[in-house]
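Okay, so here's the structure we're looking at.
Number of protein chains: 2
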Amino acid sequence: MRCIRMRVQYDGTNYHGWQEQPGLATIQGTLIERLATILGERPAVEGAGRTDAGVHAMGQVAAFRTDRAIEAARLQAALNSRLPADIAAAEMAEAPLHFHPSSDAAGKHYRYRIYRGPIKPVLQDRFVWHWHRPLEAEPMRAAARLLVGRHDFRSFETGGSPRENTEREIFRLNVTETGRELHVDVEGDGFLYRMVRNLVGTLTEVGRGHRTPEWVAEALEARDRAAAGPCAPAKGLCLMEVRY
Amino acid sequence: MRCIRMRVQYDGTNYHGWQEQPGLATIQGTLIERLATILGERPAVEGAGRTDAGVHAMGQVAAFRTDRAIEAARLQAALNSRLPADIAAAEMAEAPLHFHPSSDAAGKHYRYRIYRGPIKPVLQDRFVWHWHRPLEAEPMRAAARLLVGRHDFRSFETGGSPRENTEREIFRLNVTETGRELHVDVEGDGFLYRMVRNLVGTLTEVGRGHRTPEWVAEALEARDRAAAGPCAPAKGLCLMEVRY
Numbered sequence: 004m005r006c007i008r009m010r011v012q013y014d015g016t017n018y019h020g021w022q023e024q025p026g027l028a029t030i031q032g033t034l035i036e037r038l039a040t041i042l043g044e045r046p047a048v049e050g051a052g053r054t055d056a057g058v059h060a061m062g063q064v065a066a067f068r069t070d071r072a073i074e075a076a077r078l079q080a081a082l083n084s085r086l087p088a089d090i091a092a093a094e095m096a097e098a099p100l101h102f103h104p105s106s107d108a109a110g111k112h113y114r115y116r117i118y119r120g121p122i123k124p125v126l127q128d129r130f131v132w133h134w135h136r137p138l139e140a141e142p143m144r145a146a147a148r149l150l151v152g153r154h155d156f157r158s159f160e161t162g163g164s165p166r167e168n169t170e171r172e173i174f175r176l177n178v179t180e181t182g183r184e185l186h187v188d189v190e191g192d193g194f195l196y197r198m199v200r201n202l203v204g205t206l207t208e209v210g211r212g213h214r215t216p217e218w219v220a221e222a223l224e225a226r227d228r229a230a231a232g233p234c235a236p237a238k239g240l241c242l243m244e245v246r247y
Numbered sequence: 004m005r006c007i008r009m010r011v012q013y014d015g016t017n018y019h020g021w022q023e024q025p026g027l028a029t030i031q032g033t034l035i036e037r038l039a040t041i042l043g044e045r046p047a048v049e050g051a052g053r054t055d056a057g058v059h060a061m062g063q064v065a066a067f068r069t070d071r072a073i074e075a076a077r078l079q080a081a082l083n084s085r086l087p088a089d090i091a092a093a094e095m096a097e098a099p100l101h102f103h104p105s106s107d108a109a110g111k112h113y114r115y116r117i118y119r120g121p122i123k124p125v126l127q128d129r130f131v132w133h134w135h136r137p138l139e140a141e142p143m144r145a146a147a148r149l150l151v152g153r154h155d156f157r158s159f160e161t162g163g164s165p166r167e168n169t170e171r172e173i174f175r176l177n178v179t180e181t182g183r184e185l186h187v188d189v190e191g192d193g194f195l196y197r198m199v200r201n202l203v204g205t206l207t208e209v210g211r212g213h214r215t216p217e218w219v220a221e222a223l224e225a226r227d228r229a230a231a232g233p234c235a236p237a238k239g240l241c242l243m244e245v246r247y
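Protein chains in written order, with my numbering: chain A, 4 to 247; chain B, 4 to 247.
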């Protein structure tokens, strides 16, 4: 038995998220299906992060076990030739047999892209949140500084299946501007359900001038989803890297 | 009667090109249809360039005449609120009544994007030609220099409906590199059917080392489509600007 680890990139627009669901196109399901045509068996493919529908990845990490002897480089080429245009296996290599992309992860880096301008950006439409009105980076930065560190992020978890432990650590939370785009880069040891999008939606409340940076600290303190801002749309989000 | 001129931007992936065709989604057809819901009449929308299926635009210019009194800025906002996510009216203004986007154009600038690398670029897939093998910019530049100027470009016209006069002037033809991307920027007074894509396909024959730069001059000289290289895929091409 061997474990194969891969870096997966995808445009998530046409998928119902990472996780396999019967009868729906998903990233995990597509990988399993295409690998099965090469391996002659359906491998159990585990991913580092269960990205939502419409969320993209440049650095998702996935792994599966197989007893087939095919060399990793050949397997990668075979898989890439079978994958649709919006999914790619960017790297593939042997990993320790007990490697688990999700539970072994030490950190994840997500980037959220906001496009500011009166005209919607037709060529970036799938990858950005289009923001028509003024959005100031500086107050967003001041608010972001208040969120860095180890905190109970319950206010930023969308309900449904709440975790028992809602404490997480954010290592960095940077707001940078590049032309009309504003990027929110967040790196942490783990994220609650929709946490990144809820953080971004909350920061935009500050950037648009509806709230002060200090309000974000109060929202965090409240440990109540209703105290924080709205959830930003999926399409602006991209899983950039997973660190081990 | 007034003439309204607009700059149109689109991701051409989901359209059968610019030109209206019954029963098919086209850029021109979509603009006419959405303008009709505002104006209460179907305007005749003329474009500067009839881009093919899958070709994009950042600076297509279009115009139509109407006797409705609605202000250009309000018309632009109304149109943009009705257009799908992949088409936008980036500018809209009054123009002289006899303005013709196509016949009045003094020059057009197209950009062709090639992505070089072993892994297909999933986030840029709709906008680039993915090139797996080595492709050298320097010999492409040498070949490009031989094409600049006024020439008979018959060797670069895809047949079907050949023009009587196949002479055109290329003002500039630049090959630049930015990371893994290679851009071919071409500006000229007009282009024959598929001329830009045929030029790019021909330049790649030189960039991959199959042909010398001088072969491109011979291909031009031959005035025969069979003497030049293949047609590059539509998706890498974007109409950047039309000059008047």
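Beta carbons: idealized from backbone N, C-alpha and C, even for Gly. Just so you know, these numbers come straight off a predicted model, no measurement behind them.
- Ranked by Cα distance from residue 22/A, the first of 187/A, 6/A, 167/A and 63/A is 63/A.
- Looking at the DSSP output, residue 234/B shares a beta bridge with no other residue.
- Within the same chain, 31, 34, 35, 38, 65, 66 and 67 come within 8 Å of residue 48/A by CB-CB distance, once the 5 residues on both sides are set aside.
- In this structure, DSSP gives residue 38/A a helical state, which the three-state scheme calls helix.
- Annotation: the continuous alpha helix (DSSP H) that includes residue 147/B extends over 140-148.
- Nearest CB-CB separation between residue 14/A and chain B: below the 7 Å threshold.
- In this structure, DSSP gives residue 209/A a helical state, which the three-state scheme calls helix.
- In the DSSP assignment, the residues bridged to residue 117/A are 132/A and 185/A.
- Think of a sphere of 8 Å around the beta carbon of residue 38/B: no beta carbon from chain A falls inside it, the nearest being about 17 Å out.
- Residue 123/A reaches chain B at 83, 88 and 91, counting residues in chain order whose Cβ is nearer than 8 Å.
- In this structure, residue 191/B places its C-beta atom within 7 Å of the C-beta atom of residue 171/B.
- In this structure, the alpha-carbon of residue 198/B lies about 38 Å from that of residue 135/A.
- Taking a contact as a CB-CB distance under 8 Å, the pair residue 17/B and residue 89/B counts as one, their CB atoms being some 6 Å apart.
- The Cβ-Cβ distance between residue 108/B and residue 245/B falls below 7 Å.
- Contact of residue 240/A with chain B is not assigned, every C-beta pair being separated by 7 Å or more.
- Chain-ordered listing is empty here: chain B has no CB closer than 7 Å to the CB of residue 188/A, the nearest sitting near 16 Å.
- Of all residues in the region 151-178 of chain B, none comes within less than 7 Å of chain A when Cβ atoms are compared.
- Counting only residues of its own chain and dropping the five nearest sequence neighbours on each side, residue 93/A has a CB closer than 6 Å to the CB of 10 and 12.
- Taking the beta carbon of residue 194/A as reference, no residue of chain B falls within 8 Å; the closest one sits roughly 21 Å away.
- Distance from residue 115/A to residue 203/A at the Cβ level is roughly 5 Å; contact confirmed, criterion being Cβ atoms closer than 8 Å.
- Distance from the CA of residue 240/A to the CA of residue 113/A, rounded to the nearest whole angstrom, comes to 7 Å.
- Separation of the CB atoms of residue 223/B and residue 150/B is rounded to 6 Å, and the pair is thereby assigned contact status at 8 Å.
- Counting only Cβ-Cβ distances below 9 Å, residue 126/A has contacts in chain B at 12, 13, 14, 59, 61, 89, 129, 130 and 241, in chain order.
- For the alpha helix (DSSP H) assignment, the uninterrupted runs of no fewer than 4 residues enclosed by the region 40-94 of chain A are, from N- to C-terminal side, 75-85.
- Residue 155/B is bridged by DSSP to 170/B.
- With at least 16 other beta carbons inside 10 angstroms of its own, residue 124/A counts as buried.
- According to the DSSP assignment, residue 126/A belongs to no beta strand (DSSP E), since it is labelled neither H nor E.
- With respect to residue 140/A, residue 184/A sits apart: the two C-beta atoms are not nearer than 7 Å.
- Excluding residues up to 5 positions away in sequence, 27, 28, 29 and 56 lie with their Cβ nearer than 8 Å to the Cβ of residue 19/A in the same chain.
- The alpha carbon of residue 41/A has as its nearest neighbour, out of 186/A, 174/A and 82/A, the alpha carbon of 82/A.
- Under DSSP, the beta-bridge partners assigned to residue 244/B are 112/B.
- The bridge partners DSSP lists for residue 12/A are 91/A.
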